Each structure stands twice: as C-alpha cells, then as structure tokens.
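As structure tokens, the structure follows; a few thoughts come after it.
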Amino acid sequence: MRPTTTLLAVVASLAVVSATTAQAATKAGTTVAPSSDAESMYQSRVFARIQMATVNKYTMWTLTTNCEGAQSQANLITASFPKVASERYSTDDYNSLCVRAPNGTIYSAMNFSTSYTDTTVLNTLRGLNPITYLEDLPANTSRIIMQNLGIEWTANDLSINSQYVVSQATLLNLQNNSLTDLSDIIMPSSLATLIVDKNRIFTINNMTAPALTTLSINSNQFKELPAALNTYRLLQRVDANANQLSSLASVNWTNLPTITSLSVASNKIQDIPKQLPPSLQLLNLQSNALVNITANFPSTLTTLCLAGNPIQAIYATTTQFNLLKDLKQPSFNNKSTIAPLNCNATNSSVFGAPWPANCSSSSRAQLLYDVYPICIVEESTPSNGTTTSDGISTGAIAGISSGAVVLIALALFCCLRRRHRGPLQWYDEVDNQYYGLVDSSALAHDIRKDDDLKQYFIPAASIERHDVLARGGQGLVHIATVHPSPQCPHIRVSSMVAMKRMLPEKAANVYAVEDFMEEIRLSARLHHRNIVQFVGFTYTRLQNLSSLTEYMERGDLWSLLGREQLVWDVDPSFHTPLKRRMPSSIAGAVASIRSASTTMESEISAVLDEAHVAMLETIRSPSKPVSKLSILSDIVDGLVYLHAHTPPIIHRDLKARNVLLNDEYVAKLTDFGVSRETSDLTMTAEVGTVAWIAPEVLKGVYYSEKADVYSLGVLMTELDTVQVPYSNLELVFSDQDLKDANVVKTRLAMLVVAGDVRPTLSSQCPKILADIATACLSYNPEERPSVLDIQDWLKEIKLQGTLATRRGL
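Going letter by letter, the sequence shown gives residues -19 to -1, 1 to 790 in mature numbering (1 follows the signal peptide of the UniProt record, and there is no 0).
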C-alpha cells in the first residue's frame, strides 16, 4: 500500500512548505513515544494530580478509588477480602478504595494493589455516615459486592475508574442500598450479572451493559418492566419479583431470544403476554392476579410456577396441554394462597388449590395431573357458513370466487412482468467505464479474506437501498434498510442504516479501495455511545463495496445548528480554575497506568471495543433535552474513547459536519482515521478543511492526539457563533484575494502556521467555555489540555448546574 497521505498536503500542494518537510509528513499521524525520563515525568505528574484532587468537590459521602491522602484503616467499612486490606495498602496503588467525607477526611476502605483479585465485598458501615455517591469501581476484581451502604446514586460511567483503568467486573451486587434510578449508567463492558435488589429503583432507561446476561431487580418500585431490556441482546435471566408490575407488555419478548428464565412473582400481573421469549425454560408467575389464562407457552418451557394466583380457568390447545403435562415439576400445592417459593424443577408447585371447571361452550374440560380442569380449545376454529340448496356453503362459494380472482390476477401479473421488467437491483448496477479495473488487482489486507470481519458481512440481497443522503469527493451515502437473513443471525429486525460507497472513479483506484477497506476495518473495532455505530459491509464486486452504519436521524451538527436555536445552558457567572490532569498526551499517561496495573493490551482492547460508551455525568434539563454543552460533552467523550486506544486513534478531521446526532440528540463522531488525497483537501468548499487543522499538522512535523484538541477548539467556535471559522476573512484578505479559494486557503494555512490568526468566539460565550476553547487553540501542542482535562472541566460545569437546579437556583 502507498504511504498514508497527511494533511500537510494542503500546504504542500500550494508550495507553502518545502519538499523535505513534505517527505517527513508521510509519517505524520504516529505519536512519538516518550523517553523513559518523560514516562517517569508523566507518571509522577499523574500521581501529583491524584494527590492534589480537590477534596472540596466531594460535597457528599463518596465511595471512590481516588484515595491519595487516605488515613489509616480504622473505623472503616467492614471488608471481606482475600488478604487484610491494611496489609496491602500503598498510596502508590491505582486501585485503592476509600470513603471521602464532605469535611475533607479520606478514609481508606481497602486496596487491590495492581494484581487481579476475584471478589470484593463491602458489606456494612462501622462508625461512618451512609454512602451517598458511588463514584467508580475498583478495576482489578471480577466480583464486586457493595450492599447495605446506603448508596443513593452513582456516577454515569462505572466502566472506568478515577485512575482511568477499565473495570474488569463480571458481577456487581448493589443490594439493599437507596438507589432510585439507573438511567444512562454505563456499566463495565465485562459485566454479566447485575443485582440491585432491595433498593427504591423505579426506572432503568438507556443503561449500557453490552455483556449483561443476568439482571436481578427484586423488591424495587417498578410499575412496568424496563423497555431497555430489549437492548441487552445477551440477556438470559430476569428476576423482578416483589415490585408493582401489572403487566409484562412493556417488553418485546420476541426480540430477546436468549432469555431462558423469567421470574416476576409477587406482583399484580393480570395477564400473560401472547408472545413470550422463544427460548424460555422457566417462568415464575407466583402470587399475582391471574384469573383467566390462555396458554401460549414456548415449546422450550420446562418449569412453570403459577401457585398463589386466583385462577378460575386455563384455556389451552392440545399441544399446550401436552406441554403442561410434560413439565419437569408436575407437583402442586393444595392451598388457596402461599408464600412465593423458589421456582425450580425440584421443589416448586405449578398450581395452588384447584378451581372448578368453568369452561366456555366452545371448549371441553380435561384434567391435568388428575386435578386441574384445563379448557381444551381447537388448534384452529373453522368459520361458520350457511349452506345453499346444492349443499355448498356460501363460505365455500366465496372462497372459490376469491381463488379464481387471485389466479387471474397472478396470471395478469406474470404476463405484465414478462413485458415490463422492473429496474435492476442496486448491486446489479455497473459503470462500464470503470468496471473490473480493480476486481482483478491484488489488494493489501483485503477485508473479503479477513476472517475477523466475516461476521460483519451482510448479503447484498438483504439490503434495500433508498435515496441519496449526501455526496462528497470520495463517495455517496444512501439511506438503506437492512433486512434479517439466515446469513446474518445478529440482525433480527429490519433497520434503517446509512450506506456509504465509493464513487465509480474512486473505486477504480487500488489505493482508494485499500483506504476504504482500512476505514471499514477501523470502524469494526469501535463501539462507543459517541461513535457512529458500524453495522457491517456488503459487496457483490469491489466496485459496489459499501460500508453500513447506524442511521442518524437528525443529521450533522452544522445543519442542526442552522435549524434549531440551541444555547449553552451554562450559568455565565460560573467560573473555576482550569486544573490540568496531565501535562502531555493522554496516550502516554494511560499507557503508563495500564503498564502499572499489568493489564494486557488485548484485555484493554476487549473492554474498549464494546464497553466504554462513556457519557460521563451527562445531565440534561427535562425542559431542554439538548444544549450546546450536552453536545460538546458527547464529542469529548467520543474523543476520550478514541485517544484511549494504544496507539491513540486520531480523528484528523473533527468539525461540525463530521458530528452526527440521532433522534435523542446524542452526538456521535464519524468520518475519522481515513487518509485523504491532496486534491480532496484543497478543493473543499468554503475555507475547506484547512480551517480545522492544527499548526503542527500544516507544518508537516510529527503530531499527536493534541491535533484533535486544536480541532475541538475550532469546533467550539462553530458551536458558539454558528458561523464558519474565519468567516470574517475580509479583515485579513483583500476583496481580490477572496475571489480565489486556493489563494485564501494558502494564505490562511500560512497564517495558522505562523500563529497569527485563530477563530474567534462571540461575546455571549460563557467565560468558562471561552477559556476552554482558548486553551484548546494554543499554538504549542504541549500547552493544550488533554481531552481528559476537558472532560473533567465539563463534568464540573454540569455538576454545578445540577447542584444549582437541586437548590432551586
């Protein structure tokens, strides 16, 4: 494959830099690894940042891994741990756990060093106030139990701790606390079991837990099961006993083929859904309000518990009767009411006290287990019809007539189809000018031969292509519908997607095809709430190779800013010093932390790939579902995810046009990490991509992820002014210059490289955000904040807004 073309081409093509610099630029995009001395400096600064953590921000009793300055192990949370916590405590460890009090006192709870441990148990409090806030989770433990602590709410992101080490938790037990809402919480990507019994939870909306298989929400305040259950595609077991459920209709059970156990005893459920999970094996409906039941249980069911219901009649077909007869626990309890028992195949009852036979006239009674009358109904009921004098029913005559009409219509359709062939399918379209130019070529890293990507291939016949959404210098984007097919078991329902393919003239270029394949390969690695989700790819030949991504209903951010009058939603009087988390790139600090925690890169990649969909502390006012601040937070969260990879993934083209929003106004990054050709960059409309490029990139020197931070600063000016950056060019260029776009781009690039110009903000921009943007636009990359710094600052801004709202300010 040819060397990657860099953004230096913008200036090089216009003779702004020398050929020597251009040659060096072919390596741009790689991050220069810091020396060992630099690594030591990074690590020492990370420790210093932890030690200098602002205690005043902990305005409530907080359980956290941010433990620098913790006192001795006296009067602390009772801990059950493989080793005594006090024997392992060290202030240099990344995974300590402590309690921070509002008065600034820090109590150490336990420590996990840097080794992997199996179980963490925090069970009761001794001499301390109840915990109000759970800030994060220890990283190097798989089973975390934090019960009886009084926890009222948690951070929005529990997948990564305050030391930026990703959590490896597979079980989280928060039983018997005071939680009320788990909405928008991001759980560890490895989390398989979540237990939140005996809280006061009434809703779980948009909780992210991609590996969740078991959810236990017993003894809470749910009035209906969370519709969010439909998003947990690996879910196998749901326990929701002792809530306030009156129905199970809030969940589309047919979309949950992996569920094998559903327990909803001790509720107020009055009917059983017509459709249950197709693989269900155990159903516990004890002690509800079921009166008349129509059996429609899946053939996989082996254990059923209905005791404690005021049953008067059960209607079943012969097939359903035989299913009931073959249950693994054909026992019963001859009491009218019982306390809910464990529902399993050994010691539970199907029914309670028998009921009288109350079958309708269209059914007949048959005893089940020689005790319970089941009303047997026909598998299918024939329709009634009067009989004619010839002995043929009017229904039969109508059927014959209808059949004749259908046959005539089919014959006419076939005749017309022969005479008028319909349009070709999209994958049959061929541009003869370029057809076959690349198909026979040898391609480096051909995704068609990549076993790791086979799971993402979607047959072309399963895709219905619609109108064009956008057209660029590289390709076309259509809206399309992906339909389920046997070859794609992961696609269970038809869904809208964006379908991107190369222009025919680009598809005839081997290098362009290789670049597009690299884009597809990179997209398949990324899974985050603020990255446009990759769905798959398709082709019948290389000329129609297409990438499929989620469809973003509200389009790009630039268009949204033009349509809707958004505000920052920030108190203009609020200001706080912008303290830095790290002196240099996130990659160096994160790498040193990961090295210290002995976490292998493969493990980190597995977590980042699916779990870390961070939406840190996203707080939106109900009256204002979206604001400029919420959009900026989403963008920064996406960048944190990209930069946390090793090596960091640099977006390289961050601007409002490359930020898309879904129907819920969640902002997501798109069009990242792709090489661009010189001509494409220099021919961009208006000022072109030059306006967003950092000075060091235009110079052609090595650059790091701090180039994205500069582009973020430019994007903040777009958010603030709703104007194209440098739209006041008349202040810099003559009228004659403005008539030539290439002249404007060349001179603008030279001014940016020299540090003589940068985009401006409006006078209405809140000062705290203006300071952040100014820091991002620093000429020297080392003086720019990391995206982790920016994420911290935005959290502080949103936290202040939340506290003000709660105080009624």
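Note that the Cβ used here is the ideal one computed from N, Cα and C, for glycine as well. Keep in mind that this is a model prediction, so the values were computed, not measured.
Nearest-angstrom beta carbon gap, residue j and residue i [assumed within contact, 8 Å]
{"i": "W549", "j": "L226", "result": "Contact flag wrong, Cβ pair sits at about 41 Å."}
{"i": "E130", "j": "I112", "result": "Looking at the sequence shown, residue 130 is not Glu but Leu. Sure, about 4 Å apart at Cβ, within 8 Å."}
{"i": "L547", "j": "L635", "result": "Wrong, their Cβ atoms sit about 19 Å apart, outside the cutoff."}
{"i": "P335", "j": "A346", "result": "So it is not a contact: roughly 12 Å between Cβ atoms."}
{"i": "T275", "j": "L308", "result": "In fact, because the Cβ distance is near 17 Å, the residues do not count as touching under 8 Å."}
{"i": "N323", "j": "Q293", "result": "Not quite, the Cβ-Cβ distance comes to about 26 Å (not below 8 Å), so this is no contact."}
{"i": "D165", "j": "N187", "result": "5 Å"}
{"i": "D220", "j": "T184", "result": "At roughly 17 Å, the Cβ-Cβ gap does not stay under 8 Å, so D220 and T184 are not in contact."}
Beta-carbon gap between residue i and residue j smaller than 7 Å
{"i": "K249", "j": "A270", "result": "yes"}
{"i": "D615", "j": "A648", "result": "yes"}
{"i": "Y707", "j": "P740", "result": "yes"}
{"i": "L349", "j": "L285", "result": "no"}
{"i": "L538", "j": "A451", "result": "no"}
{"i": "P747", "j": "P558", "result": "no"}
{"i": "N265", "j": "S244", "result": "yes"}
{"i": "A120", "j": "N137", "result": "no"}
{"i": "L642", "j": "R561", "result": "no"}
{"i": "S148", "j": "L115", "result": "no"}
{"i": "G456", "j": "R482", "result": "yes"}
{"i": "L729", "j": "V671", "result": "yes"}
{"i": "S173", "j": "T189", "result": "One point to set straight first is that residue 173 is Ala, not Ser, in the sequence displayed. It is not a contact, given that the beta carbons lie outside the stated cut-off."}
{"i": "I182", "j": "L215", "result": "no"}
{"i": "residue 794", "j": "Q267", "result": "Outside the modelled stretch of the chain, which goes from -19 to 790, sits residue 794, for which no answer is possible."}
{"i": "residue 876", "j": "F555", "result": "Because the chain here runs from -19 to 790, residue 876 falls outside it and cannot be looked at."}
{"i": "H624", "j": "V768", "result": "yes"}
{"i": "V703", "j": "L610", "result": "no"}
{"i": "S743", "j": "D701", "result": "yes"}
{"i": "V458", "j": "I444", "result": "no"}
{"i": "S171", "j": "P191", "result": "no"}
{"i": "T651", "j": "V449", "result": "no"}
{"i": "A150", "j": "I125", "result": "yes"}
Exposure of residue i, with buried meaning 16 or more beta-carbon neighbours within 10 Å
{"i": "N290", "result": "buried"}
{"i": "M127", "result": "buried"}
{"i": "A442", "result": "exposed"}
{"i": "N339", "result": "exposed"}
{"i": "L78", "result": "buried"}
{"i": "R473", "result": "exposed"}
{"i": "K779", "result": "buried"}
{"i": "Q301", "result": "buried"}
{"i": "M533", "result": "buried"}
{"i": "A754", "result": "buried"}
{"i": "D496", "result": "buried"}
{"i": "G85", "result": "exposed"}
{"i": "R429", "result": "exposed"}
{"i": "V331", "result": "buried"}
{"i": "N639", "result": "buried"}
{"i": "M168", "result": "buried"}
{"i": "M41", "result": "exposed"}
{"i": "S197", "result": "buried"}
{"i": "S604", "result": "Any reading at S604 must be qualified, since the residue scores a pLDDT of 37, below 50, and its modelled position is unreliable; the value itself is stated next. By the neighbour-count rule (16 or more Cβ atoms within 10 Å), S604 is not buried but exposed."}
{"i": "A500", "result": "It should be noted that the sequence gives Glu, not Ala, for residue 500. Under this definition E500 is a buried residue."}
{"i": "S426", "result": "Just to set this straight, residue 426 is His in the shown sequence, not Ser. Exposed, because fewer than 16 other Cβ atoms sit within 10 Å of the Cβ of H426."}
Closer than 6 Å: residue i CB and nearest the ligand SAM heavy atom
{"i": "T195", "result": "The ligand SAM is absent from the structure shown, which contains no ligands of any kind."}
Fully enclosed by the stretch 207 to 246, which beta strand (DSSP E) runs are 3 residues long or longer?
218 to 220, 242 to 244
Kindly provide the ranges of any beta strand (DSSP E) runs that are 3 or more residues long and lie completely inside the stretch 444 to 483, ordered along the chain.
444 to 452, 456 to 463, 476 to 483
Tell me whether the stretch 231 to 238 and the stretch 205 to 219 touch, counting them as touching only if at least three CB pairs, one residue from each stretch, are closer than 8 Å.
yes
Assess contact between the stretch 538 to 552 and the stretch 766 to 774, defined as three or more Cβ pairs (one per stretch) separated by less than 8 Å. Is contact present?
no
For the 8 Å Cβ check, are there 3 or more pairs between the stretch 175 to 188 and the stretch 150 to 159?
yes
Counting pairs of beta carbons, one from the stretch 424 to 440 and one from the stretch 518 to 527, are three or more of them closer than 8 Å?
yes
When you compare the stretch 502 to 510 with the stretch 480 to 492, are there three or more beta-carbon pairs, one atom per stretch, that lie closer than 8 Å?
no
Counting pairs of Cβ atoms below 8 Å between the stretch 215 to 225 and the stretch 676 to 687, do you hit three or more?
no
Uninterrupted beta strand (DSSP E) stretches inside the stretch 483 to 530 (no shorter than 3 residues)
515 to 519
I'd like the ranges of any beta strand (DSSP E) spanning at least 3 consecutive residues and lying wholly in the stretch 327 to 361.
345 to 349, 353 to 357
Please list the segments of the beta strand (DSSP E) lying wholly inside the stretch 526 to 558, counting only runs of 3 or more residues, in order along the chain.
527 to 531
Completely contained beta strand (DSSP E) runs for the stretch 243 to 285, where each covers 3 or more residues
263 to 265, 273 to 275
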